[in-house]
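Numbering (our numbering), first residue to last: 267 to 404. Glycine residues also receive a C-beta, built at the ideal position from the N, C-alpha and C atoms. The model shown is predicted, which means the values in this text are computed figures rather than measured ones. Take a look at the structure below.
This is the structure:
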């Protein structure tokens with residue numbers, strides 16, 4: 267199955283084809299009211315840990331190190347992806363961030379991890395689970 271998961275800045279205009287709009291930052295974006303953002307949810311649990319985010323913004327770690335640490339944290343707690351997977355299964359999912367450059371934020375990693383988790387779940391669902399599945403065709 268194919269999933270439509272995109273990301274963009276929270277300050278970009280809301281469009282009708284955004285689908286479910288989920289803010290996945292730990293901090294609320296400056297100068298924005300909840301009503302103005304047209305959010306379906308503010309989901310902090312899938313965002314990077316505060317210390318990791320701080321280290322990245324202070325340039326204490328490289329972008330590659332940041333992505334690797336974030337990827338490891340998502341693998342250690344895969345259940346944090348479940349709410350976002352539900353949105354993706356319902357249609358288009360737009361992940362939102364206040365970062366100036368979403369391409370160099372946590373969103374590409376989160377999107378990739380979501381797609382992997384969805385693919386693994388789909389593969390598990392396609393396998394036969396009961397003995398009648400293993401009978402030869404008549």
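Tell me which same chain residues have a C-beta within less than 7 Å of the C-beta of residue i, skipping the five on either side of it?
| i | result |
| --- | --- |
| residue 399 | Low local confidence applies: a pLDDT of 48 at residue 399 is under 50, so the model's placement there is unreliable, with the coordinate-based value given in what follows. Excluding sequence neighbours, residue 399 sits near nothing in its chain. |
| residue 369 | none |
| residue 383 | 344, 347, 351 |
| residue 356 | 286 |
With DSSP as the reference, please indicate the residues paired to residue i in a beta bridge.
| i | result |
| --- | --- |
| residue 387 | The partner list for residue 387 (beta bridge, DSSP) is empty, contrary to what the question assumes. |
| residue 359 | 271, 286 |
| residue 308 | 289 |
What are the boundary residues of the alpha helix (DSSP H) that includes residue i?
| i | result |
| --- | --- |
| residue 348 | 348–356 |
| residue 317 | 316–323 |
| residue 256 | This structure cannot settle anything about residue 256, because the visible part of the chain is limited to 267 through 404. |
| residue 300 | 300–303 |
Using only alpha-carbon positions, find the residue among the options that is nearest to residue i.
| i | options | result |
| --- | --- | --- |
| residue 351 | 304, 380, 336, 344 | 380 |
| residue 306 | 322, 280, 326, 319 | 280 |
| residue 292 | 332, 310, 283 | 310 |
| residue 333 | 273, 282, 377, 372 | 372 |
| residue 341 | 297, 267, 376, 323 | 376 |
| residue 329 | 270, 386, 374, 278 | 374 |
| residue 270 | 390, 385, 391 | 385 |
| residue 303 | 325, 338, 278 | 278 |
Could you please give the first and the last residue of the uninterrupted beta strand (DSSP E) stretch that includes residue i?
| i | result |
| --- | --- |
| residue 274 | 271–275 |
Can you find the residues in the same chain that come closer than 8 Å, C-beta to C-beta, to residue i, ignoring five residues on each side of it along the sequence?
| i | result |
| --- | --- |
| residue 401 | In this prediction, residue 401 has a pLDDT of 49, which is less than 50 and means its spatial position is unreliable; nothing more can be read from the coordinates. |
| residue 366 | 275 |
Looking only at its chain, what residues have a beta carbon closer than 6 Å to the beta carbon of residue i, apart from the 5 residues adjacent to it on each side?
| i | result |
| --- | --- |
| residue 318 | 335 |
| residue 295 | 276, 364 |
Say whether the stretch 287–299 touches the stretch 359–367, bearing in mind that this needs 3 or more beta-carbon pairs closer than 8 Å, one atom from each stretch.
yes
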